[in-house]
Amino acid sequence: MKNKPELLAPAGDINAAITAFEHGADAVYAGLGKFNARERTENFSFEAYGKLMSYAAKHDKKVYLTFNTLIKEQELPEALDMLNRITALLPDAVIVQDIGVLSMMRKYFPHIPVHASTQMGIHNSAGLAMAEKFGISRVILERQVTLDEIDLMRKRSEIELEVFIHGALCCSLSGVCLFSSWMGGHSGNRGKCKQPCRRRYFSSEGNGFFFSMNDLYMLDDIPALKKAGVHSLKIEGRLRKSDYVAAVVRAYRMMLDADEKDIPRILPEARSVLSGSLGRKWSTGFYDKANYNDIIESDKPGVSGKQLGRVAELKPNGFIIQTLQTLKLGDKIRIQPQSGDEGPAI
Numbered sequence: 005m006k007n008k009p010e011l012l013a014p015a016g017d018i019n020a021a022i023t024a025f026e027h028g029a030d031a032v033y034a035g036l037g038k039f040n041a042r043e044r045t046e047n048f049s050f051e052a053y054g055k056l057m058s059y060a061a062k063h064d065k066k067v068y069l070t071f072n073t074l075i076k077e078q079e080l081p082e083a084l085d086m087l088n089r090i091t092a093l094l095p096d097a098v099i100v101q102d103i104g105v106l107s108m109m110r111k112y113f114p115h116i117p118v119h120a121s122t123q124m125g126i127h128n129s130a131g132l133a134m135a136e137k138f139g140i141s142r143v144i145l146e147r148q149v150t151l152d153e154i155d156l157m158r159k160r161s162e163i164e165l166e167v168f169i170h171g172a173l174c175c176s177l178s179g180v181c182l183f184s185s186w187m188g189g190h191s192g193n194r195g196k197c198k199q200p201c202r203r204r205y206f207s208s209e210g211n212g213f214f215f216s217m218n219d220l221y222m223l224d225d226i227p228a229l230k231k232a233g234v235h236s237l238k239i240e241g242r243l244r245k246s247d248y249v250a251a252v253v254r255a256y257r258m259m260l261d262a263d264e265k266d267i268p269r270i271l272p273e274a275r276s277v278l279s280g281s282l283g284r285k286w287s288t289g290f291y292d293k294a295n296y297n298d299i300i301e302s303d304k305p306g307v308s309g310k311q312l313g314r315v316a317e318l319k320p321n322g323f324i325i326q327t328l329q330t331l332k333l334g335d336k337i338r339i340q341p342q343s344g345d346e347g348p349a350i
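Remember, the working numbering sits 4 above the position in the sequence shown when you count from 1.
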């Protein structure tokens, strides 16, 4: 692929979407209030989605609709009605998991491109061939594929490939995880994941955060992904606020735009920009054939955030903090005990 990969950013609301565009994203992915894998975020009304589409068109950007959950039989009429309303706005693509939704898209809205969600579980060239056969224009690969596998798939298929480059990782294959459903009836395949994998668990051999994965970080590996012929580089984070989106998009934009000879100079600058974003410890996930110890630190909760300061003095009804950072109205503060357990947040 001769062209530079697309930089694709998350948009949990209109502010995050516009922020992403202003800081260098080529496209955003966003969902409505239902039938998308992040129902816990604010998401978009039809009116707000229309405004986003208008903004994107004026600035030569793209918007992809996430419609990537499993649809129950009794929900099919409602799903079709939502697709009918939203496709009238001509989104640049619809991201789907359910093959029933894929069938409806091809039957009723053949003019709208369809992208296979990572929830669909495609991870090899045979899966890519199936996707092409059913009219899918792009496949969002599972997070568990390696760089070597991506290179092989690119050589065996012409379909567009999209991969994640930054953000939270799941301990299970996307689209087949039942963890949250078992632990309270909130299915991740219905956009309701409660992230039980982030909790501490106890066993006869000890206790720890055995399933809580480090965050994905591929800033240093952007040149390798470009050479692999990936069409789109995706940032995870529709539950994140616009300041996080701004920092991450800007850092990766710097690396994507850098000439090969300038990378030694640009990379430290991009890392500095990214250091201000909140998150867990970074890893390259499965791209480099990782083992358990590379991607999970079971003795730590992996709490997102940066150190605000330390408790300097206890009071009868509170405490005084010696701060290292500037606080803004609306900031969330977590009180972290020395035990390493995740403390209360205010």
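Every residue gets a Cβ at the ideal spot worked out from N, C-alpha and C, and that includes glycine.
#### Entry: For R89 and I163, the rounded distance between their alpha carbons
28 Å
### Task
Could you tell me how far apart the beta carbons of N128 and I99 are, in whole angstroms, since I believe they sit closer than 8 Å?
Not a contact, Cβ separation roughly 20 Å.
### Query
Does the segment 55-67 come within contact of the segment 282-291, defined as at least 3 CB pairs closer than 8 Å?
no
### Task
In angstroms with no decimal places, state the Cα-to-Cα distance between E51 and R257.
29 Å
### Query
So, do the segment 20-34 and the segment 64-82 have three or more beta carbon pairs nearer to each other than 8 Å?
yes
### Query
What is the residue span of the beta strand (DSSP E) that A262 lies within?
Here A262 belongs to no beta strand (DSSP E), and DSSP marks it neither H nor E.
#### Entry: Euclidean distance between Cα positions of A24 and P14
8 Å
### Entirely enclosed beta strand (DSSP E) segments - the segment 25-77, minimum 3 residues
31-35 and 66-71
### Task
Go through its chain and collect everything with a Cβ distance to V105's Cβ below 7 Å, but skip five positions before and after it.
F71, I75 and A83
### Proximity to K231 [Cα-Cα], best of N297, C174, N193 and E264
E264
### Task
Output yes or no for whether 8 Å exceeds the beta carbon distance between H119 and I103.
no
### Message
For the structure I just gave you, are there three or more beta carbon pairs, one from the segment 153-161 and one from the segment 241-261, closer than 8 Å?
### Response
no
### Message
Between D30 and the ligand MN, is there a pair consisting of the residue's CB and a ligand heavy atom that are separated by less than 7 Å?
### Response
Summarising the ligand content, the structure contains no ligands, and the ligand MN is consequently not present.
### Query
Which residues does DSSP pair with E10 in a beta bridge?
S236
### Query
Under the DSSP definition of a beta bridge, which residues are partnered with Y112?
In DSSP, Y112 forms no bridge with anything.
### Task
Alpha carbon to alpha carbon, how far is P95 from H27? Give it in angstroms, no decimals.
So the alpha carbons of these two residues sit roughly 21 Å apart.
### Task
Can you tell me which of K245, D225, K65 and E153 puts its alpha carbon nearest to the alpha carbon of N19?
K245
### Query
Thinking C-alpha only, which one of K111, A29 and E136 is nearest E240?
A29
### Query
In or out: F213 buried (at least 16 other Cβ within 10 Å) or exposed?
Here F213 is buried: its Cβ has 16 or more other Cβ atoms, across all protein chains shown, within 10 Å.
### Message
What does the Cβ neighbour count give for V315, buried or exposed, with the cut at 16 atoms within 10 Å?
### Response
Its Cβ having fewer than 16 others within 10 Å, V315 is exposed.
### Message
Determine whether the beta carbon atoms of S216 and I154 lie at a separation below 8 Å.
### Response
no
### Message
Can you tell me whether R142 is buried or exposed? The criterion is at least 16 other CB atoms within 10 Å of its CB, across all chains shown.
### Response
buried
### Message
Here's the rule I'm using: 16 or more other beta-carbon atoms within 10 Å means buried, otherwise exposed. How should P9 be labelled?
### Response
buried
### Message
Comparing C-alpha positions only, which one of E136, S302, C201 and L165 sits nearest to E146?
### Response
L165
### Message
Do L11 and V277 have their beta-carbon atoms positioned less than 8 Å apart in this structure?
### Response
The Cβ atoms of V277 and L11 do not sit closer than 8 Å to each other.
### Message
Classify Y112: buried if its beta carbon has 16 or more other beta carbons within 10 angstroms, exposed otherwise.
### Response
exposed
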